[in-house]
């Protein structure tokens, strides 16, 4: 078991890692790192991906082992967004404190501000968050916070 993670988390990470170990040699490719780390629940900014890859692939082989991936994942979780930070971020987009964000506002905020999502990422996000939307398509903030923070932080 990788240091810092319980058995259930380690099994979850291993399952995802194995999906990216295309050659079945115990290594995943650096090009898949960002997708893999996010699939495991971490939320690193695009700007920090290269630093995390350097942790996972210190010898610059172009691939990384599961143990090295877990070291990078641990670092990513150390700087991941907390539930409180998600709540505060949403409050900035909900000035009337309704606890809802309209689809138009959501698309605008997530595709134009900060570490902006691409159109494809935005569509995937909306699909993933569909169950957290009310009948009019508004994002229910309280329900979304739970879904948007890594399981290890809850």
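Residue numbers (UniProt numbering): 1 to 154.
Where is the CB? At the ideal position from N, CA and C, for every residue including glycine.
- Where residue 65 is concerned, the enclosing beta strand (DSSP E) starts and stops at 63 to 65.
- Judged by beta-carbon spacing, residue 126 lies beyond the 9 Å limit of residue 100, meaning their Cβ atoms are not closer than that value.
- Around the beta carbon of residue 130, a 10 Å sphere encloses fewer than 16 other beta carbons of the protein chains shown; the residue is thus reported as exposed.
- Each residue's CA atom was taken as its position, placing residue 20 and residue 72 some 16 Å apart.
- Non-local beta-carbon contacts of residue 74 in its own chain, meaning distances under 6 Å to residues more than five positions away in sequence, involve 4 in chain order.
- Under the three-state reduction of DSSP output, residue 110 falls in the helix class.
- Per DSSP, residue 141 has no beta bridge partner at all.
- The Cβ-Cβ distance between residue 65 and residue 22 does not fall below 9 Å.
- By the 16-neighbour rule on beta-carbons within 10 angstroms, residue 57 is buried.
- In this structure, the alpha-carbon of residue 30 lies about 37 Å from that of residue 137.
- Look at residue 100 here: in three-state DSSP terms it is strand.
- Residue 53 counts as buried, since no fewer than 16 other beta carbons sit within 10 angstroms of its beta carbon.
- Rounded to the nearest whole angstrom, the CA to CA distance from residue 134 to residue 25 is 45 Å.
- A check of alpha carbon separations from residue 107 across 120, 96, 98, 95 identifies 120 as the nearest.
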